[in-house]
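Read the structure below first, then the notes.
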Amino acid sequence: MPSSMIHLLAAYKYDPKSSVAFFIGNIVPDIISEWKEKDRSHFRDRKDRLNALKELANTININNDFNRGVLLHLYLDYKWDTYPMKKFKEGFEKDTWFRPYRYEISLAGAWLYHNRDWSKDLWEKIISCPMTSYENNFGYEKEDIYNFLSRSYKWHRDNKIGPSLFFTPDFIEVFTDNVVNEFKDWLDNFK
């Protein structure tokens with residue numbers, strides 16, 4: 517569960533000219549705030565998580581930009597949870613990792629927002645996108661999507677902090693490069 521900006525960085529690397537719907541789809545799965553539901557919707561409750569992603573890819577139209585954005589989000593979270601987040605948690609006892617983790621992710625995300633030449637323009641396009649384009653088959657309510665996007669945009673705009681010392685800019689670059697390349701290869705199996 518990296519920040520919205522790490523997701524957007526991966527989405528931008530995947531296709532910088534994609535539609536706004538793709539970028540919205542790429543961050544909207546984090547609209548869910550209740551942890552058990554988020555774990556379910558992100559397939560964290562499944563031992564065969566990658567297989568669950570394959571099942572999802574086989575049941576949605578992956579040529580739809582919003583759907584492909586959601587799929588990239590879930591794939592990146594799978595990769596993030598299995599290495600960067602797991603490595604971070606190793607330095608903590610039991611459940612003491614979460615607050616420091618969220619802090620480091622906040623630093624990384626805010627730094628990306630303020631240090632990528634495309635991010636402010638992309639966020640403006642996301643916020644300006646009419647709610648009618650939020651149509652989806654995932655059960656996300658349009659008003660909830662808009663509120664989530666607005667909160668995320670304002671937070672990034674208003675917080676000029678970072679970078680993270682744990683999730684460094686160089687690490688984020690390499691991680692997102694790798695995930696995007698792996699996702700492209702993985703997605704080719706469904707075309």
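FYI, the working numbering numbers position 47 of the sequence shown as 563, with every residue one higher than the one before it.
Don't be surprised by glycine CBs; every beta carbon is placed ideally from N, CA and C.
For this session: Below 8 Å CB to CB, which residues in the same chain sit around I677 once its five sequence neighbours on both sides are set aside?
Result: S622, L623, A626 and W627
Exercise. Tell me which same chain residues have a C-beta within less than 7 Å of the C-beta of F691, skipping the five on either side of it?
Worked result: P600
Exercise. With DSSP run on the structure shown, which of helix, strand or coil describes E698?
Worked result: helix
Exercise. Cβ of P518 versus every heavy atom of the ligand ADP: is any distance shorter than 7 Å?
Worked result: Looking at this structure, you won't find the ligand ADP or any other ligand, since it has none at all.
Problem set entry | Beta-carbon proximity of E609 to F682, cut-off 8 Å | Taking 8 Å as the Cβ cut-off, E609 and F682 do not qualify as a contacting pair.
Exercise. Thinking just about the alpha-carbon of each residue, which of D637, Y617 and D531 is nearest to the one in D581?
Worked result: Comparing C-alpha distances from D581 to each of D637, Y617 and D531 shows the shortest one belongs to D531.
For this session: Please determine, among L638, R584, W613 and A526, the residue with the shortest C-alpha to C-alpha distance to Y669.
Result: L638
Problem set entry | Terminal residues of the alpha helix (DSSP H) in which N542 lies | V536 to I543
Exercise. Going by C-alpha distance, which of Y591, E640 and L665 is nearest Y650?
Worked result: Of the listed residues, the one whose Cα sits closest to Y650 is L665.
Problem set entry | Coil, strand or helix - E689 by DSSP | helix
For this session: Might you give, ordered along the chain, the residues of its own chain that have their beta carbon closer than 6 Å to the beta carbon of I543, omitting 5 neighbours on each side?
Result: S520 and H523
For this session: Compute the beta-carbon to beta-carbon distance between I547 and I661, rounded to the nearest angstrom, for a pair I have assumed lies under 8 Å.
Result: 6 Å
For this session: Output the boundary residues of the alpha helix (DSSP H) element that contains D637.
Result: S635 to S644
Exercise. What do you reckon, are the CB atoms on V586 and F654 nearer than 8 Å?
Worked result: yes
Problem set entry | F614, buried or exposed, once every other Cβ within 10 Å from all chains shown has been counted against 16 | exposed
Exercise. If we ignore side chains and look at the alpha-carbon of each, how far apart do E698 and E659 end up?
Worked result: 33 Å
Problem set entry | Residue burial classification, K595 (beta-carbon count within 10 angstroms, cutoff 16) | buried
Exercise. Measuring CB to CB, does K529 end up less than 8 Å from D701?
Worked result: no
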